[in-house]
Ligand code: AP5
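In structure tokens:
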């Protein structure tokens, strides 16, 4: 982990960067519970739009199934709307956004309009080779969205969600080896340049995300504590 020099007097804005399977969603949920921030996952927002059959969802569906990035205009518009919701006033953890330089610049402009900025962009550093195993074993609770893994994170009681005691679970349509390869490619080509982007802003922190979930949460917690002090 490397430190960063940042202080904030307005609601914190944190970003988790990392390839598919890096643990962005897992860690964002833990940070949300610990720091009272709101997790904003553009993947979740897009899947909700697809399920609801909105115009944006119809345009995004095939792109997501192919493991490619949805167009900047759709994603920025969805995020802008969600950021305007009152609950986001307490601070947000962006999980899966921004993913392109266009999105990062749009976010800066949106935040600047309300006197805010990115307090910390945290890169979860992982080995690509391990990501296929993480993603192919992933499933989530259908009731509350809590994430699990066949091997690495199983519910305490078999087939019962630890968080809401639900018993229905689901797997994502894009969690297959072929699509994961395309998602990793998209990450390296279009998203990894954001590491340099936030380094230049002095907002970048890096965490080795190959360890145990709780150890990574502890490293992230230290960064978030400092960034939101
Ligand atoms: P999105 O939903 O954001 O998916 P992703 O980035 O591919 O990330 P994942 O959700 O697959 O992984 P994660 O890092 O959250 O890992 P998780 O914590 O679940 O995006 C889906 C699609 O939507 C994109 O492909 C694109 O089409 C579109 N999209 C979304 N945002 C967009 C944007 N901004 N612009 C354009 N298009 C966009 O962990 C994975 C598994 O590993 C879990 O089972 C977990 O239990 C386990 N695990 C987690 N940490 C560990 C650990 N340390 N050790 C062992 N296992 C672990």
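Residue numbers (this note's numbering): 754 to 982.
Where a beta carbon is used, it is the ideal one built from N, C-alpha and C, also for glycine.
Under the three-state reduction of DSSP, which class applies to residue 876: helix, strand or coil? Residue 876 sits in a strand when the DSSP states are folded into three classes.
Hey, would you say the C-beta of residue 855 is under 7 Å away from at least one heavy atom of ligand 1? Not so, every heavy atom of ligand 1 lies at least 7 Å from the Cβ.
For the segment 944-964 and the segment 922-931, state whether three or more C-beta atom pairs, one from each stretch, are separated by less than 8 Å. Note that the segment 944-964 does not touch the segment 922-931; fewer than 3 beta-carbon pairs, one per stretch, sit closer than 8 Å.
Run through the segment 926-975 for me and flag every whole alpha helix (DSSP H) of 4 or more residues, listed as ranges in chain order. The qualifying runs are 930-939, 946-954.
Apply the 10 Å Cβ neighbour rule to residue 795 and answer buried if 16 or more other Cβ atoms are within range, or exposed otherwise. With 16 or more neighbouring CB atoms inside 10 Å of its own CB, residue 795 falls in the buried class.
Look up residue 922 in the DSSP assignment and say whether it is helix, strand or coil. In the three-state reduction of the DSSP assignment, residue 922 falls in the strand class.
Are the Cβ atoms of residue 856 and residue 829 separated by less than 8 Å? Yes; because the gap between Cβ atoms is below 8 Å, this pair is in contact.
Using only the alpha-carbon positions, how far apart do residue 893 and residue 922 sit? Roughly 5 Å between the two C-alpha positions.
Per the DSSP calculation, residue 910 is bridged to which residue(s)? Paired residue(s): 913.
How would you write the range of the alpha helix (DSSP H) that residue 848 sits in, first residue to last? Segment 845-848 is the beta strand (DSSP E) holding residue 848; no alpha helix (DSSP H) there.
So is residue 767 buried or exposed if we call it buried at 16+ other beta carbons inside 10 Å? Residue 767 is buried by the Cβ-count criterion.
Mind checking residue 972: buried by the 16 CB within 10 Å criterion, or exposed? With 16 or more other Cβ atoms within 10 Å, it is buried.
If we ignore side chains and look at the alpha-carbon of each, how far apart do residue 744 and residue 980 end up? Because the chain spans 754 through 982 in this model, residue 744 falls outside it and cannot be assessed.
Would you say the beta carbon of residue 941 is closer than 7 Å to some non-hydrogen atom of ligand 1? Incorrect: residue 941 has no Cβ contact closer than 7 Å to ligand 1.
Indicate, with yes or no, if ligand 1 has a heavy atom lying under 7 Å from the CB of residue 978. Outside the cutoff, so no.
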